[in-house]
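Asks:
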Amino acid sequence: MSNTFGHYLRVTTFGESHGAVVGAVIDGFPPNIELTEEDIQIQLDRRRPGQSSITTQRGEADIVKIVSGIDNGRTLGTPIAMIVENRDQRPGDYANANIIPRPSHADYTYLMKYGIGASSGGGRASARETVGRVAAGAAAEIFLREKYGVDIVAFVSSVGNINAPAINGTDISAITRNIVDQNLVRCHDQQSAALMEDLINQVRADGDSIGGIITCVCRNIPAGWGEPVFGKLEAVLAQAMMSIPAAKGFEIGSGFASATMRGSEHNDVFVRRDGNSEQTLATKTNNSGGIQGGISNGEPIIFRVAFKPTATIGKEQITADYQGNDVTLKPGGRHDPCVLPRAVPVVEAMAALVLADMALAQNLGLSPSHAADFKVSEHCENPEQ
Ligand SMILES: Cc1cc2nc3c(=O)[nH]c(=O)nc-3n(C[C@H](O)[C@H](O)[C@H](O)COP(=O)(O)O)c2cc1C
124 MSNTFGHYLR VTTFGESHGA VVGAVIDGFP PNIELTEEDI QIQLDRRRPG QSSITTQRGE
184 ADIVKIVSGI DNGRTLGTPI AMIVENRDQR PGDYANANII PRPSHADYTY LMKYGIGASS
244 GGGRASARET VGRVAAGAAA EIFLREKYGV DIVAFVSSVG NINAPAINGT DISAITRNIV
304 DQNLVRCHDQ QSAALMEDLI NQVRADGDSI GGIITCVCRN IPAGWGEPVF GKLEAVLAQA
364 MMSIPAAKGF EIGSGFASAT MRGSEHNDVF VRRDGNSEQT LATKTNNSGG IQGGISNGEP
424 IIFRVAFKPT ATIGKEQITA DYQGNDVTLK PGGRHDPCVL PRAVPVVEAM AALVLADMAL
484 AQNLGLSPSH AADFKVSEHC ENPEQ
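FYI, our numbering numbers position 347 of the sequence shown as 470, with every residue one higher than the one before it.
#1: Is the CB of I414 under 8 Å away from at least one CB in chain C?
#2: Does the beta-carbon of R395 have 16 or more other beta-carbons within 10 angstroms, so that it is buried, or is it exposed?
#3: When you compare only the Cα positions, how much space is there between A229 and I441?
#4: Give me the residue from G246, E374, Q415, R171 with the minimum Cα distance to K355.
#5: Going by beta-carbon coordinates alone, are G138 and G146 separated by less than 8 Å?
#6: Quick check: the Cα distance between G456 and E422, rounded to an integer number of angstroms?
#7: Where DSSP assigns a beta bridge to L452, which residues make up the other side?
#8: Is the closest heavy atom of ligand 1 to the C-beta of P432 under 7 Å?
#9: In the DSSP assignment, find the alpha helix (DSSP H) that holds R268 and state where it starts and stops.
#10: Tell me which same chain residues have a C-beta within less than 6 Å of the C-beta of Q164, skipping the five on either side of it?
#11: Please state whether the Cβ-Cβ distance between L478 and I344 is less than 8 Å.
#12: Quickly, what does DSSP pair F105 with across the bridge? List them, please.
#13: Between which two residues does the alpha helix (DSSP H) holding S315 run?
#14: Report buried or exposed for Y445, applying the criterion of at least 16 other Cβ atoms within 10 angstroms of its Cβ.
#15: How many angstroms separate the CA atom of F497 from the CA atom of I290?
#16: I believe I223 touches L452 by the beta-carbon criterion, under 8 Å. Please report the beta-carbon distance rounded to the nearest angstrom.
#17: Quick check: is any heavy atom of ligand 1 less than 7 Å from the C-beta of T435?
#18: Quick one: grab the DSSP three-state call for G378.
#19: G151: which of N126, G142, G173, A204 sits nearest, CA to CA?
#20: Given the structure, does T179 come close to ligand 1, in the sense that its CB is under 7 Å from one of the ligand's heavy atoms?
#21: Three-state secondary structure (DSSP) at A346?
#22: Note down the Cα distance separating A259 from T136, rounded to an integer number of angstroms.
#23: What residue does the beta strand (DSSP E) around V282 start on, and which one ends it?
#24: Do L307 and I285 count as a contact pair if the criterion is CB distance below 8 Å?
#25: For K431, does the three-state DSSP call read helix, strand or coil?
#26: Rounded to whole angstroms, what's the CA-CA distance from D194 to L267? Just pull it up for me.
#27: Measure the Cβ-Cβ separation of V276 and V303 and say whether it is below 8 Å.
#28: Shortest alpha-carbon distance to A316 belongs to which of K431, F426, E269, G283?
#29: When DSSP labels each residue in this structure, what does M384 get in the three-state scheme?
#30: Please name the residue, chosen from R171, V190, S191, V326, that lies closest to G182 on a Cα-to-Cα basis.
#31: Here's the rule: buried if 16 or more other CB atoms are within 10 angstroms of the residue's CB, otherwise exposed. What is M473?
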């Protein structure tokens, strides 16, 4: 199992759901970037459990501590290690999991692979692992913003059968995290958000759960980032997004809708780009989602990630124990009735990790797959002495 993501900016997450800590180590982070615990905390607060009435009530403050790689608020170019304590464990909630594998959780598959499983809370498969991703992603975002002006925003675009209105080019440039955070669901459209919140409350009252879709927009990505063939930018984004717990689908640009379109309506014709000396061309439409041939074309990168309904539900389920006997599983512990509001910063984090990896590779004239052969200190901009 891989616990490390990225070729050039390498992020390793560690920790189990009910262990002492969770966190991340980032290797390859450029030196001399201003980075504080407060910067990281902003995104962790958006991911944290117990943040609102429609999230799990597990009570974790999720306060990050940076334990290496920073001096006087600036990165040193050395590994950055970040930890967050687990404080609100309730292993008793999972007493049954050693007898009955929880349906659509990873209890059974982890046991089949390792022959041993974490005694509670899903171990590494738990969404608790995403604390490390969000912390590392927040750091990557700061680098991307400072060096390239990159801006990433994700939002909930559907919950169950409630879809927010489709976004057009103007909306794409206007959506901000402030707008998204004006409601508990993290939907960019306030009217749709109210309906989504009602639906989430309703399914929770029914002892059930619900899925949905998160859209992510990455702006100010220069043309030329990414790789051809096996390392295509959309392929790496797909891998990153599909590695998030409960992710079930990925679409770039027009995605599955492109299958019903004609080339004449789908093609993104070129136009002269205004006010940018380095890039002469823009495209009139963005069905490509900002990527062509695996390489960014300078338009916003737009993709969507589908999430399944939360596996833990408040209803009895007829299933089987590890011996294959029919059993009735009683309602499980605390859980999110819908994972999407808390998954928004996780999607943003994974997008930032992918893009920072691509940015570093492009900066060095390297493909990410070759980057591991080079040392940061030899090739990065010289830090101030
Ligand atoms: C932010 C976030 C919160 C989640 N919260 C829960 C939860 O409360 N209960 C649950 O059963 N699954 C939750 N999940 C999903 C599970 O971790 C995941 O479905 C499970 O480990 C099995 O993995 P898989 O769905 O990727 O196959 C959450 C996922 C994310 C991204």
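Where is the CB? At the ideal position from N, CA and C, for every residue including glycine.
Replies: Here's the rundown:
#1: Among the chains of the structure shown, chain C does not appear; only one protein chain is present.
#2: exposed
#3: 18 Å
#4: Q415
#5: yes
#6: 44 Å
#7: Q440
#8: no
#9: 253-271
#10: V187
#11: yes
#12: The structure shown does not extend to residue 105, since the chain is modelled only from 124 to 508, so the question has no answer here.
#13: 313-328
#14: exposed
#15: Its pLDDT being 45, under 50, F497 is placed unreliably by the model, and nothing is read from it.
#16: 5 Å
#17: yes
#18: helix
#19: A204
#20: yes
#21: coil
#22: 9 Å
#23: 274-282
#24: no
#25: coil
#26: 20 Å
#27: yes
#28: G283
#29: coil
#30: R171
#31: buried
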